[in-house]
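See below for the structure under consideration.
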Amino acid sequence: MPISPTLQATMNDENSENQDRKNNRRLVYISSLAITVGIVISLIAKLLIYLIDLVTNISFFGQFSVANVSPAGNHLGPWVIIVPAIGGLLVGFMALYGSRAIRGHGIPEAMEQILTNDSKIKPTITYLKPISSAIAIGTGGPFGAEGPIIATGGAMGSTLGQLLKISHFERKVLLAAGATAGMSAIFGCPIAAIFLAIELLLFEFSAASILPVALACVTGAAGHHFLFGTHPVFEITHLIDSPSNKALFLLSIEGIIIGLLSVAVTKIVYWLEEIFEHLPIHWMWWPAIGGLVVGIVGYFQPNTLGVGYNNITDVLSGSLPLKAIALLCTFKFISWAIALSSGTSGGTLAPLLTIGGAAGALMGFVLQHFFPGIDISISLAALIGMSAMFAGASRALLTSILFALETTGQVNVLLALLAACSAAYLLSLFLMSNTIMTEKIARRGVKTPVSYKPDVLEQVHVKEMMNTDSLAISEESTIGEVKSWIAANPEYAANFYIVANNENGLTGLISSSSLYGEHQDPDQPVGSLIKRSNVWIRPTEPLRSAVKLMLQANVDVLPVVDAQFNIAGSIGYKNIIEAHKTVLNENEKQAAHISLKRQTLKLLVKGQRLIHKSSKD
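full-length UniProt numbering applies: residue 1 is where the sequence shown begins, and numbers increase by one.
So this is what it looks like as structure tokens:
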């Protein structure tokens, strides 16, 4: 005998509560894993810095030490040209015999695995990426440590997700948590790291994804404070004053110019990659060629070698002369663009910040010359240039603004950052179909989301899309009567049929295979064919709940019942598709709401249709 609707409702409510508790426990579990990843990746971030310093000391100074030194202070003379080439050669060998995944920026590779491979990254990347990056950067590569640690953190989160029994979505969350915890551990910028996850990795916004990522980023920031110190990474000793309205206008113009520059930088990098692709030699040798160029540039401009975080601080301080800033901007770009295009193990963030900050400082000198009455300091112009370059090249708008605030502590420039970064973002949006983060994977046929809209299935409720012109079969009707009626009315043929009692109360569902099964007694009542548990949905539930119930019950239609468990209608997959179509049309028409008329509910009782009128919504 089928379960009564009232009892089934009680059971469904209990199941719903149990599912909510299960989801909450699951969220706590994934959050605890994210915190664990954050702790481990913080330690790895410190080890990576030590490893970079060790390779730097060995390569440029011939000493076994982890002291923080800059390769710019070397005394190798012309021999400095060879050092980055050797580093590139080692990276090429590691990519060939270890994993090709160590090549590249870091973030694009993580994005590709999220979009195409269920967030599965090879576990070997967890140690190959930091080692190869330490070799590349320690031998003079013009990259920052953030790219490798983001890739390493993502690989760690993904690996943990592959070892444990978790869903694809949860593995994606752990990947994003590990990647952004690494960024937070290097720069001490948890809020910017959270928004990096939203804008470049998660491609959605929900409590189930944001909470674990946020906890991982906070853990990474705590690790930064414990292992690296509590001062801002790019500390400016003086407080920058809030700009005036006239200064804001000029800084917005700067944002437009930096936006154009970010487009040019992105296009040049990928143009250089195409040149490397056409070289008549194996790709393993490309990083050595890029390293040779790095060495040549480094011989003439030693401050382009290595991580160069001190260069960003010097530019932001406003203490460097015009010529030094111009040389740094030009030669850092040449060195980084060629090295990155060669396929070595590097990143994009620190070089973009250096180039953007230097370009912004140059703009500051220009603005001071032509508008002497408007107070725009070199530090302010450099900070705007740094953030706008990142915003234009990556189109991570909020990340670029918050990153500048957190890494410098200059809260007075928020409005200027918002204006300039928005201008750079708009220029990039109009002039580039892809960004420096997405161009490579776009060329492989991988499309990244460009907007994060509310889910239609969560926006629309069942009552807005349900059919009230639905067929409900009386449980007292015989199998023969129902078959005969459907044969005479083929438009009502379906995979599943709703069965009701004479008071229009829900009895259950039967499948067409049961109805038309062999050896069925035509005089047997239809109600006896009900074998499955009752499944139904309320009119006030969102469509997502309907889809979930359909999948769980393996049916393509659901009865919709009111508070008295009477049948109000039905909803099927066609209604779900229609909801998407309706919302798209309404959005295009800029309509304010969706309104559909309720029609009639047809009840077949012993071969006769009884029409029950229902009011309009």
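Don't be surprised by glycine CBs; every beta carbon is placed ideally from N, CA and C.
Predicted, not measured: the structure shown is a model, and the values here were computed from it.
Residue i, DSSP secondary structure in three states
| i | result |
| --- | --- |
| G318 | coil |
| P212 | helix |
| H461 | strand |
| N566 | strand |
| V535 | coil |
| P525 | strand |
| F195 | helix |
| P542 | strand |
| L471 | strand |
| V269 | helix |
| residue 618 | Nothing can be reported for residue 618: it is not among the residues displayed for the chain, which extend from 1 to 617. |
| S242 | coil |
| G373 | coil |
| G259 | helix |
| I35 | helix |
| S345 | strand |
| G572 | strand |
| Y29 | helix |
Short Cβ contact (7 Å threshold) for residue i with residue j
| i | j | result |
| --- | --- | --- |
| L431 | V265 | no |
| A181 | G147 | no |
| E254 | I384 | yes |
| A416 | L260 | no |
| V557 | L506 | no |
| A216 | V37 | yes |
| A388 | I258 | yes |
| L292 | A85 | yes |
| T408 | F234 | yes |
| L340 | I312 | no |
| A579 | M465 | yes |
| T478 | D523 | yes |
| I121 | A145 | no |
Residues near residue i by beta carbon distance below 7 Å, same chain, minus five either side
| i | result |
| --- | --- |
| L211 | L27 and S31 |
| A134 | L48, L51, I52 and V55 |
| F61 | V69 and N74 |
| A391 | L397, S400, C421, A424 and Y425 |
| I102 | M94, A95, I125, L128, K129, S132 and S345 |
Range covered by the beta strand (DSSP E) that runs through residue i
| i | result |
| --- | --- |
| residue 631 | The question about residue 631 has no answer, for the chain in this structure spans 1 to 617. |
| V557 | V557 to V561 |
| S511 | L506 to S511 |
| V411 | Looking at the DSSP string, V411 is not in any beta strand (DSSP E), and its letter there is neither H nor E. |
| F496 | F496 to A500 |
Distance cut-off 6 Å: residue i Cβ against heavy atoms of the ligand MN
| i | result |
| --- | --- |
| L417 | The ligand content of the structure shown is nil, which means the ligand MN is not present either. |
Alpha-carbon to alpha-carbon, residue j and residue i
| i | j | result |
| --- | --- | --- |
| N502 | G527 | 12 Å |
| K483 | K581 | 34 Å |
| K606 | I473 | Its pLDDT being 48, under 50, K606 is placed unreliably in this model, and the value from its coordinates should be taken loosely. So the alpha carbons of these two residues sit roughly 8 Å apart. |
| A381 | F187 | 21 Å |
| L610 | N23 | Since pLDDT at L610 reaches only 38, below the 50 mark, its modelled position is unreliable, and the value read off the structure follows with that caveat. If I take the Cα positions, the gap works out to 43 Å. |
| N434 | A442 | 7 Å |
| L549 | A208 | 20 Å |
| L429 | I436 | 12 Å |
| T540 | A214 | 32 Å |
| N495 | Q520 | 17 Å |
| residue 633 | I58 | Nothing in the structure corresponds to residue 633, since the chain is present only between 1 and 617. |
| A324 | G308 | 14 Å |
| I137 | F203 | 31 Å |
| W271 | I338 | 10 Å |
| A34 | I530 | 46 Å |
Cβ neighbours of residue i in the same chain (closer than 6 Å, five flanking residues each side left out)
| i | result |
| --- | --- |
| F331 | V297, Q301 and T304 |
| K172 | I114 and S119 |
| H593 | With a pLDDT of 49 at H593, under the threshold of 50, the predicted position of this residue should be treated as unreliable, and no value is reported. |
| A221 | S184, G188 and P190 |
| F365 | L322 |
| I240 | S379, L380, Q410, N412 and V413 |
| F143 | I137, G346 and G347 |
| G157 | V37, L174, L175, A177 and G178 |
Residue i: first and last residue of the uninterrupted alpha helix (DSSP H) it sits in
| i | result |
| --- | --- |
| V482 | I479 to A488 |
| T408 | L397 to T408 |
| G290 | W286 to F300 |
| I82 | I82 to Y97 |
| P108 | I107 to T116 |
| F370 | L349 to F370 |
| A181 | H168 to F187 |
| P148 | E146 to L163 |
| G392 | I378 to S394 |
| I441 | E439 to R443 |
Contacting residues, own chain, Cβ-Cβ under 8 Å from residue i (five flanking each side not counted)
| i | result |
| --- | --- |
| I378 | G318, A361, G364, F365 and Q368 |
| I376 | P243, A247, L250, L251, G364, L367 and Q368 |
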